[in-house]
Every structure is written in C-alpha cells, then in structure tokens.
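Student: As given, the protein sequences belong to chains A and B, one line each in that order. Numbering of the first sequence is given in my numbering, commencing with residue -3 and proceeding in unit increments. Numbering of the second sequence is given in my numbering, commencing with residue -3 and proceeding in unit increments. All residues carry an ideal CB built from backbone N, CA and C; glycine is no exception.
There are 2 protein chains.
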Amino acid sequence: MTPHEARSRFVETRVARLATSGPQGPHIVPITFAVEGETIVTAIDAKPKRGGPLRRIRNMEADPRVAVLVDGYDEDWTRLWWARADGHAVVVGSGPSRDHAVALLRARYPQYRDMPIDGPAVVVKVERWTGWRAAD
Amino acid sequence: MTPHEARSRFVETRVARLATSGPQGPHIVPITFAVEGETIVTAIDAKPKRGGPLRRIRNMEADPRVAVLVDGYDEDWTRLWWARADGHAVVVGSGPSRDHAVALLRARYPQYRDMPIDGPAVVVKVERWTGWRAAD
C-alpha cells in the first residue's frame, strides 16, 4: 500500500487506535480523529475528575512518539487491510491550535456538536504513512 | 467494566490490536488471537523473507510489556466500548507452547486451517483486564 493510499484509508475510517509508550509500558486506546494535510488531530472529551492527566497524555508529554492505526477486519481474509501513521504528538491545552482541532472534530463527527470537549487536543505530525492489504 | 466483562469482550471479538514499545517508539498492528485462561495467544503467519524478525518481535524480545485492545465503534456513541489487556509477552519459536498456540488459533479461525503458520507464536500473560463502555 502506498503512503497516499494509507493516508486515504485514515480519511475514510471513523475510528483509530492511538499507541503511546511510557514508564508502564505501551498504552493503546481507541480514538476519534480528523486528518488535515500531514496532521492527525484528536481530543479528550472530558477532563478527568481525579488522578491528574490521563495516561496517554502523560506518556506523550514525556515521549511524543506515537503510532496511530486503522484497520479493516473481514472473515474473508483476502479483504484484510491496515494503515498506520507514525509521528510526533503535541498536547495542546488551549489556544488557536486546540480550537482548530476541535473544529475539525466537530465538522467530522456530528456527535461532537452537542457535547463539550473539555480536555486537551492532541496534534500528531505524521512522519510516515504505511499500510498493507491482503490482496496486494 | 469489570475485569471479567473485559475478558469476555476479548473472547467475543475477532480482531485485536497489539501495541509494543521499542527504540523507534510505540508500534501497533492488528492481530488475530485466542484467549485461554489468563493468556492471549497470537502468531506470525509467515517468516519475513528478508530484514530479520518483524519489529513487533524485536520489540517484545527487548521489552516484553504489551497492551492488547479490542473495541467496538458505532455511530451511536452510547454504544461505544473498548477492552484492554496489559501483560507480558513471550515469543516462542518452536516447541509445545508454540504448537498449542497454533492449535488454539486454528480452532478459532477456520481461515488458518488451510494456511501455514510459519512464524513464531506470541504468548501474552495478562496481568490486567480493563475496559470501558459508554452506557456505564
């Protein structure tokens, strides 16, 4: 799969998974996201009510390297595919960059239009798009 | 979501994602898998033809900590859920433990019955099952 096609798969897919590294080992969580150019944005819906920042946020603040994955599963394994974006994440608590990320998310997901997004945004500068499909 | 329910979600789901950490940062890839007790097994279908072991294997041999995720996306966000297993992985190139893992995979996925599984098995001892669902 070409980098161009891998990026297209992100544009077409509604849910991805974000992997980070930290002192407790790798962490992985599903995310909603939007793609703009060579950037993937996501956000934390709600500030945690206790315990400080979420583990994914602590991880990215200490080590900004992230991997983001979309994939398609089908019982017909000739239809399997995945696409991955590797890059560096910036956690943005406020300001125009956060507002822009939130606007992109609200534009992509009608579900966000009626709910608050109170936590930080995460802006991933993608350095590499890779992918694979079984039918190649 | 209780640990018991998180584990049940793994048993019911056909594809997961495996996150590892390594010198190039976090890595993430979709996997087929089987659950037995407090263990998740997966395998590499084919030995890489060049370039040595896959990155996920090199990562686990250097740092056995892994995270495995299953999730359900739905445009009705009251139906979102995910479950995660955190544990330690052992890469098994041959022997009874590898054969047992392969047998579990072939039992779960008819697709594997007619294809070779030439690479190592990965046996994850799960230390923690966690999960979340929107409707909680």
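(1) Please list the partners that residue 101 of chain A has in chain B, where partner means a Cβ-to-Cβ separation under 7 Å.
(2) Kindly identify the DSSP beta-bridge partner or partners of residue 73 of chain A.
(3) Would residue 15 of chain B pass as an interface residue toward chain A - the criterion being a Cβ-Cβ separation below 7 Å?
(4) Whole angstroms is fine: what's the gap from residue 109 of chain A's alpha carbon to residue 9 of chain A's?
(5) Whether or not the region 19 to 33 of chain A and the region 47 to 67 of chain B are in contact is what I'm after, with contact meaning three or more pairs of Cβ atoms, one per stretch, closer than 8 Å; do they touch?
(6) If you drop the 5 nearest sequence neighbours on each side, which residues of the same chain put their C-beta closer than 8 Å to that of residue 91 of chain B?
(7) Could you check whether the Cβ of residue 50 of chain B sits closer than 7 Å to any Cβ belonging to chain A?
(8) If you draw a straight line from the C-alpha of residue 82 of chain A to the C-alpha of residue 98 of chain B, how long is it?
(9) Who are residue 65 of chain A's beta bridge partners in DSSP?
(10) In chain order, what residues of the same chain have a beta carbon less than 6 Å from the beta carbon of residue 16 of chain B, not counting five sequence neighbours either side?
(11) Using 10 angstroms around the beta-carbon of residue 39 of chain B, count the other beta-carbons present and answer buried if the total reaches 16, otherwise exposed.
(12) Give a yes or no on whether the minimum CB-CB distance between residue 36 of chain B and chain A is below 7 Å.
(13) Please compile the residues from chain B whose C-beta is within a distance smaller than 8 Å of the C-beta of residue 33 of chain A.
(14) May I have the straight-line CA-CA distance separating residue 84 of chain B from residue 64 of chain B, to the nearest angstrom?
(15) Quick check on the DSSP output: what are the complete alpha helix (DSSP H) runs of length 4 or more inside the region 86 to 111 of chain B, in order along the chain?
(16) Three-state secondary structure (DSSP) at residue 34 of chain A?
(17) May I ask which residues mark the beginning and end of the beta strand (DSSP E) holding residue 2 of chain B?
Tutor: This is what the structure gives:
(1) Those do not exist, as residue 101 of chain A stays about 13 Å from chain B at its closest Cβ, beyond 7 Å.
(2) BP columns for residue 73 of chain A are empty, so no partner.
(3) yes
(4) 19 Å
(5) yes
(6) none
(7) no
(8) 30 Å
(9) A:13 and A:80
(10) 23, 52, 55, 56 and 62
(11) buried
(12) no
(13) Per Cβ cutoff of 8 Å: no residues; residue 33 of chain A is ~21 Å from chain B at best.
(14) 11 Å
(15) 92 to 104
(16) coil
(17) Premise fails: residue 2 of chain B lies in the alpha helix (DSSP H), -1 to 8, not in any beta strand (DSSP E).
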